[in-house]
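Encoded as structure tokens, the structure appears first; notes follow it.
Protein chains: 2
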Amino acid sequence: MNNTKKEILRVAKKMFNEKGYNAVSVRDIAGEVGIGSGNLTYYFAKKEEIMETLLAESKSEYTVHISSLEAMDEFFMYLQQDVKENSFYYGSHTQLAQVSSVISDKQREMYEENSNVLKEGFLELCREGLIYKESYKGEYDRLIDSLLISITYWIPFCQMKGSIDVRSYRRQAWSVILPIMTKDGKVRLFKLLKK
Amino acid sequence: MNNTKKEILRVAKKMFNEKGYNAVSVRDIAGEVGIGSGNLTYYFAKKEEIMETLLAESKSEYTVHISSLEAMDEFFMYLQQDVKENSFYYGSHTQLAQVSSVISDKQREMYEENSNVLKEGFLELCREGLIYKESYKGEYDRLIDSLLISITYWIPFCQMKGSIDVRSYRRQAWSVILPIMTKDGKVRLFKLLKK
DNA sequence: GTCTATAAACCGATAGAC
DNA sequence: GTCTATCGGTTTATAGAC
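The listed protein sequences correspond, in order, to chains A and B.
Position one of the first sequence corresponds to residue 61 (my numbering), numbered consecutively onward.
Position one of the second sequence corresponds to residue 61 (my numbering), numbered consecutively onward.
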């Protein structure tokens with residue numbers, strides 16, 4: 061990939077991180093890179109293509125099968141890290157859904173993928189006797205939705221709360237799961253979180 | 061308040077509800093009202109002032125003290141209704157935070173208010189023996205954050221999921237609380253939800 | 001007070017010279 | 001590949017008629 065193109069992507073990601081997708085214009089980006097805005101258009105015909113390219117590059121290779129409490133904890137830490145590193149995306153999640161269907165499709169895809177990963181994880185933890193069985197049909201699905209809605213909007217939520225140091229998503233996630241954990245599961249979780 | 065001004069607000073709210081804040085221009089609104097866009101500027105110097113006024117008007121008079129399971133259920137139904145009626149606001153929550161500090165201050169204020177209402181409610185339900193005591197310091201606060209992050213971003217989340225009929229927030233909220241409910245509390249809740 | 005008309009500044013995007 | 005000039009669109013702001 062061309063050097064200028066790389067530089068555009070680097071600067072755009074930085075600026076989106078800081079100010080959000082909508083608040084950054086293509087002229088702003090071109091100015092920061094030190095090229096004309098028309099030249100930027102040569103590389104990216106539309107503003108949304110910059111975001112789509114950034115998104116494609118950050119494509120996760122984290123295809124995991126949660127097979128233990130530790131694996132689920134790692135998954136939460138991965139999500140937390142993902143949100144932190146790609147705040148250019150998560151910080152503008154709602155806006156981006158309206159910008160391009162490519163992106164909104166990607167969002168749904170990521171939701172379904174993470175939802176499936178967590179569902180398998182819940183079932184595995186249940187088999188291991190670490191969490192209780194569903195007390196009604198669909199309980200796991202709803203708790204998983206709570207976990208995913210939290211991670212998806214974690215950045216704007218923390219910004220809204222005005223919390224100076226963003227409390228970790230990892231702890232937030234476990235807080236939702238803890239109440240359905242067995243005594244055995246709780247013991248193992250506390251040991252894990254203390255480390 | 062002036063008749064024209066009222067009409068502007070009515071039309072703007074309707075259009076924001078349908079298409080989202082960003083997708084509606086002041087010209088669109090003026091055109092729908094049947095006045096010139098410059099005339100609209102006479103009433104609202106900036107686009108954000110329209111939203112700020114709408115927000116100030118929709119100021120909830122629902123200052124409640126949750127004193128029972130039924131009251132908390134009513135509160136969830138109120139939140140659900142609020143989100144539905146004011147989708148012009150909740151559907152663009154993230155964007156609006158970046159638009160004006162008046163709005164972002166209001167968002168934080170609403171979060172803190174709802175957070176306090178729920179916190180008192182949790183403590184009351186605990187006193188009544190319907191939910192368990194905190195199993196660690198801060199557990200209630202985290203569950204409440206889960207409830208509030210869900211309601212705040214309920215609309216974009218449901219749109220992302222692509223669920224045709226939006227599952228109710230009321231059920232989602234109780235799903236998070238159910239795991240910390242006592243046997244007594246669960247019995248009363250199920251009776252309540254069956255009605 | 002109420003409204004019209006219009007300018008100013010900015011945006012994403014395009015065309016074409018070099 | 002890079003640039004300037006420009007289009008049609010937006011929000012914002014002003015000047016002035018009634």
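The beta-carbon is built from N, C-alpha and C at its ideal position, and this holds for glycine as well.
Exposed unless 16 or more other CB atoms sit within 10 angstroms - verdict on B/H153 | Here residue 153 of chain B corresponds to residue number 93 of the second sequence, with the count starting at 1. It is buried - the Cβ of B/H153 has at least 16 other Cβ atoms within 10 Å.
Residues of chain B with a CB under 7 Å from the CB of A/Q140: which are they?
-> Position 80 of the first sequence, counted from the start, is the residue given in the question as residue 140 of chain A. None at all; the shortest Cβ gap to chain B is about 15 Å.
Say whether chain A places a C-beta atom closer than 9 Å to the C-beta of B/I209.
-> As a working note, residue 209 of chain B is residue 149 in the second sequence. Taking Cβ atoms only, chain A reaches closer than 9 Å to B/I209, which makes this a yes.
Report the rounded CA-to-CA distance for B/S161 versus B/E109, giving the unit in angstroms.
-> Residue 161 of chain B sits at position 101 when you count from the first residue of the second sequence. Residue 109 of chain B sits at position 49 when you count from the first residue of the second sequence. Each residue's alpha carbon lies about 11 Å from the other.
Helix, strand or coil at B/I163 according to DSSP, with G and I counted as helix = Position 103 of the second sequence, counted from the first residue, corresponds to residue 163 of chain B. B/I163: helix per DSSP, three-state reduction.
Any Cβ of chain B within less than 9 Å of the Cβ of A/N82?
-> By one-based count along the first sequence, residue 82 of chain A stands at place 22. It does; some Cβ of chain B falls within 9 Å.
Chain B contacts from the region 222-239 of chain A (Cβ-Cβ distance under 8 Å) = G222, R231, Q232, S235, V236, L238 and P239
Note the first and the last residue of the continuous alpha helix (DSSP H) segment covering A/P216.
-> Locating residue 216 of chain A in the first sequence gives position 156, where the first residue counts as 1. W214 to K221 is the span of the alpha helix (DSSP H), which, as asked, contains A/P216.
Backbone secondary structure at A/M132 - three-state DSSP = For this step, residue 132 of chain A is matched to residue 72 along the first sequence. Here A/M132 sits in helix by DSSP.
Top-ranked residue by Cα proximity to B/I163, from B/S118, B/H125, B/N176 and B/Q140 = For this step, residue 163 of chain B is matched to residue 103 along the second sequence. With distances taken between Cα atoms, B/I163 lies closest to B/S118.
Candidates B/D201, B/Y149, B/E172 and B/R168: closest to B/L183 by CA position | Mapped onto the second sequence, residue 183 of chain B falls at position 123. With distances taken between Cα atoms, B/L183 lies closest to B/D201.
B/N99 burial status per 10 Å Cβ neighbour count (16 or more: buried) = The residue given as residue 99 of chain B occupies position 39 in the second sequence. Exposed: under 16 other Cβ atoms inside 10 Å.
Return helix, strand or coil for B/A240, following the three-state DSSP convention.
-> As a working note, residue 240 of chain B is residue 180 in the second sequence. Inspection of the sequence shows that residue 240 of chain B is occupied by Ile rather than by Ala. Here B/I240 sits in helix by DSSP.
Work out the CA separation of B/M220 and B/E134 for me, nearest whole Å.
-> Counting from 1 along the second sequence, the entry for residue 134 of chain B is found at position 74. Counting from 1 along the second sequence, the entry for residue 220 of chain B is found at position 160. Taking the Cα positions, B/E134 is about 27 Å away from B/M220.
Go ahead and label B/S206 buried or exposed: buried means 16 or more other beta carbons lie within 10 angstroms of its beta carbon, across all protein chains shown.
-> Counted from its first residue, the second sequence places residue 206 of chain B at position 146. Around the Cβ of B/S206, a 10 Å sphere holds 16 or more other Cβ atoms; the residue is buried.
So, do the region 226-245 of chain A and the region 190-199 of chain A have three or more beta carbon pairs nearer to each other than 8 Å?
-> yes
Quick one: what does DSSP say B/L191 is sitting in, helix, strand or coil?
-> Position 131 of the second sequence holds residue 191 of chain B. The displayed chain sequence assigns Ile, not Leu, to residue 191 of chain B. If DSSP states are grouped into helix, strand and coil, B/I191 belongs with the strands.
Output yes or no for whether 9 Å exceeds the beta carbon distance between A/I215 and A/Y150.
-> Here residue 215 of chain A refers to the residue found at position 155 when the first sequence is read from its first residue. Here residue 150 of chain A refers to the residue found at position 90 when the first sequence is read from its first residue. Yes. Within cutoff.
In chain order, what residues of the same chain lie with their CB nearer than 7 Å to the CB of B/Q155, ignoring the 5 residues before and after it?
-> For the purposes of this step, residue 155 of chain B is taken as the residue at position 95 of the second sequence. Around B/Q155: Y81 and N82.
Assuming B/F136 and B/R230 make a contact with CB atoms under 8 Å, what is their CB distance in whole Å?
-> For the purposes of this step, residue 136 of chain B is identified with residue 76 of the second sequence, where counting begins at 1. For the purposes of this step, residue 230 of chain B is identified with residue 170 of the second sequence, where counting begins at 1. Contact between B/F136 and B/R230 holds, since their C-beta atoms are separated by about 5 Å, short of 8 Å.
Residue ranges of each beta strand (DSSP E) within the region 66-103 of chain A, 3 or longer = Qualifying beta strand (DSSP E) stretches: none in this window.
Sorted by chain position, which residues of the same chain lie with C-beta nearer than 6 Å to A/G181's C-beta, five sequence neighbours on each side aside?
-> Counting from one through the first sequence, the residue named residue 181 of chain A turns up at place 121. Cβ within range, chain order: I126 and M132.
Just the C-alpha distance for A/Y138 and B/G91, rounded to the nearest angstrom, thanks.
-> Here residue 138 of chain A refers to the residue found at position 78 when the first sequence is read from its first residue. Here residue 91 of chain B refers to the residue found at position 31 when the second sequence is read from its first residue. Whole-angstrom Cα-Cα distance: 49 Å.
Can you tell me which of B/L185, B/T212, B/L203 and B/C218 puts its alpha carbon nearest to the alpha carbon of B/K246?
-> Along the second sequence, read from residue 1 onward, the residue named residue 246 of chain B stands at position 186. Each of B/L185, B/T212, B/L203 and B/C218 was checked against the Cα of B/K246, and the nearest Cα belongs to B/L185.
Consult DSSP for A/M111 and reduce its assignment to one of helix, strand or coil.
-> To locate residue 111 of chain A, count along the first sequence from 1; it is residue 51. Helix.
Find the residues of chain B that neighbour A/E205, judging by a C-beta separation of less than 9 Å, and give them in chain order.
-> Taking the first sequence and counting its residues from 1, one reaches residue 205 of chain A at position 145. In the sequence as displayed, the identity of residue 205 of chain A is Asp instead of Glu. Those are S210, F217, K221, R227, Q232 and S235, listed as they occur along chain B.
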